[in-house]
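This report refers to the structure that appears directly beneath it.
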Amino acid sequence: MLRDGYNRTIRDLRVSLTDRCNFRCFYCLPHGEPAWAKKETLLTFEEIAKLADIFVSLGIEKLRLTGGEPLIRRDVPVLVQKLAALKPQLAEIALTTNGFDFVRHADALMDAGLDRVTFSLDSVRRDRFEEITGVDALERVVESIKYAKQIGLDPIKINAVIVRGRNDDEIVDLARFAREHGVAFRYIEYMPLDSGHGWDRSQVVSGREIRDAIDAEFPLVLKETSRGSGTSWRYVFADGSPGEIGIIAPVTEMFCGQCSRIRLTADGQIRTCLFSNREHDLRGVLRSGATDNEIADFIRSVVLEKEPRHFINDPAFSQPERTMSFIGG
Ligand code: SAM
Ligand code: SF4
1 MLRDGYNRTI RDLRVSLTDR CNFRCFYCLP HGEPAWAKKE TLLTFEEIAK
51 LADIFVSLGI EKLRLTGGEP LIRRDVPVLV QKLAALKPQL AEIALTTNGF
101 DFVRHADALM DAGLDRVTFS LDSVRRDRFE EITGVDALER VVESIKYAKQ
151 IGLDPIKINA VIVRGRNDDE IVDLARFARE HGVAFRYIEY MPLDSGHGWD
201 RSQVVSGREI RDAIDAEFPL VLKETSRGSG TSWRYVFADG SPGEIGIIAP
251 VTEMFCGQCS RIRLTADGQI RTCLFSNREH DLRGVLRSGA TDNEIADFIR
301 SVVLEKEPRH FINDPAFSQP ERTMSFIGG
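The letter at position 171 of the sequence shown is residue 171 when you use our numbering, and the numbering goes up by one with no holes.
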């Protein structure tokens, strides 16, 4: 088992496939061309599969492919197929995507062994969607969500980052979408991981405020009395309607004490926290010709250095240098 210095067990690995994206969500990437990772620094699918094998032998049970936009990488189903060879010790292979290109790849992904998909959708208004993401693609993303449901990739989760003055007037409309489509909508507090470094506490809509707004229109019932090692408070609708609501409140209700996650960036750096100020060069170790045992020892030693918590709420907090799309959300 992978245990950190605070006795937390690490079971969940997020692997970023690329830092690039075809969207420009204002809370994640700036407009224009940021300094992307150089191609030769990106882990190949063979390298990712080899590392995943070692991570799984150490106790990783859930693996999530993310980015940037993971489906920008060519042949993602080929990678999923390689990872599926690690089942059943690897219990779940999931994908987080903006949904732009999902329909094209969905069947192949599922055939390859993908278990779950999470989409991102911050607005159900066409013009607002474009304002937030920089792309006029609401309809396309909704089609992706419907298609995922049609092919049985249930339960489908959808992430929405709520930012005051940008989309907080849609909190109830997004819940209505969850009911109509029978999906789990997960509302996420805006975190200081935006490339524009424009994050301001006044823009954070707290999890409690979000939940109260939904509850006033569609009464909610808590589904589980604890978050466990998950990040969200989960609710169902009191009237028995399909769909679910998740509230993820990393800023106002820190859940670091139960954290079970580590991240691998597209260029092969381990990040033990979203807010780490330090990365650990797994790519360097791998490419130096280290044996599997040496790689496993490196991973174990890195996990021991996992931060106790994030420091967003400390007066001395400074935003990490790399931002969400470069870290792998
Ligand atoms: N491109 C894919 C997508 O958008 O689903 C995967 C990567 S994206 C970085 C993963 C998740 O991080 C998305 O659901 C996105 O909304 C969330 N995210 C990005 N920047 C964020 C921020 N500053 N605060 C909170 N969540 C953020
Ligand atoms: Fe791209 Fe996802 Fe970031 Fe939006 S949140 S810019 S879709 S990586």
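We put the CB at the ideal spot given by N, CA and C, even for glycine. Predicted, not measured: the structure shown is a model, and the values here were computed from it.
Spatial neighbours of residue i in its chain, beta-carbon cut-off 8 Å, leaving aside the 5 residues before and after
| i | result |
| --- | --- |
| residue 113 | 80, 81, 83, 84, 87, 93 |
| residue 100 | 22, 23, 69, 71, 135, 137, 140, 141, 144 |
| residue 54 | 292, 295, 296, 299 |
| residue 252 | 189, 204, 206, 207, 208 |
| residue 105 | 71, 76, 77 |
| residue 202 | 164 |
| residue 241 | 179, 218 |
| residue 239 | 218, 219 |
Nearest-angstrom Cα separation, counted from residue j out to residue i
| i | j | result |
| --- | --- | --- |
| residue 43 | residue 139 | 33 Å |
| residue 319 | residue 197 | 8 Å |
| residue 243 | residue 146 | 14 Å |
| residue 40 | residue 271 | 20 Å |
| residue 64 | residue 97 | 11 Å |
| residue 325 | residue 28 | 6 Å |
| residue 189 | residue 183 | 19 Å |
| residue 14 | residue 67 | 9 Å |
| residue 181 | residue 220 | 17 Å |
| residue 186 | residue 231 | 10 Å |
| residue 250 | residue 274 | 11 Å |
| residue 264 | residue 321 | 16 Å |
| residue 127 | residue 313 | 33 Å |
| residue 121 | residue 310 | 26 Å |
| residue 191 | residue 199 | 7 Å |
| residue 91 | residue 61 | 5 Å |
| residue 332 | residue 51 | Because the chain here runs from 1 to 329, residue 332 falls outside it and cannot be looked at. |
| residue 330 | residue 30 | The structure shown does not extend to residue 330, since the chain is modelled only from 1 through 329, so no value can be given for it. |
Neighbourhood of residue i by C-beta, 7 Å cutoff - its chain only, sequence neighbours within 5 removed
| i | result |
| --- | --- |
| residue 123 | 129, 132, 167, 170 |
| residue 25 | 132, 133 |
| residue 34 | 195 |
| residue 224 | 234 |
| residue 359 | The requested residue 359 does not occur in the structure, where the chain is confined to residues 1 to 329. |
Beta-carbon contacts of residue i that lie in its chain and below 6 Å, excluding the five residues immediately before and after
| i | result |
| --- | --- |
| residue 237 | 218 |
| residue 280 | 270, 302 |
| residue 77 | 108, 109, 112 |
| residue 19 | 36, 37, 68, 266, 325, 326 |
| residue 49 | 82 |
| residue 73 | 17, 18 |
| residue 211 | 247 |
| residue 308 | 6 |
| residue 317 | 311 |
Option in the options with minimal Cα separation from residue i
| i | options | result |
| --- | --- | --- |
| residue 107 | 262, 150, 210 | 150 |
| residue 328 | 311, 261, 251, 254 | 261 |
| residue 2 | 37, 56, 47, 276 | 56 |
| residue 152 | 119, 121, 164, 115 | 115 |
| residue 215 | 4, 245, 193, 148 | 245 |
| residue 58 | 89, 254, 315 | 89 |
| residue 305 | 315, 316, 276, 323 | 276 |
| residue 8 | 163, 256, 290 | 256 |
| residue 4 | 45, 258, 226 | 258 |
Residue-level contact to chain D via CB, residue i, 8 Å cutoff
| i | result |
| --- | --- |
| residue 185 | Chain labels in this structure do not include chain D; a single protein chain is all it has. |
Do three or more CB pairs link the segment 295 to 302 to the segment 278 to 286 at distances below 8 Å?
-> yes
Contact the segment 153 to 160 vs the segment 168 to 188: 3+ CB pairs below 8 Å | yes
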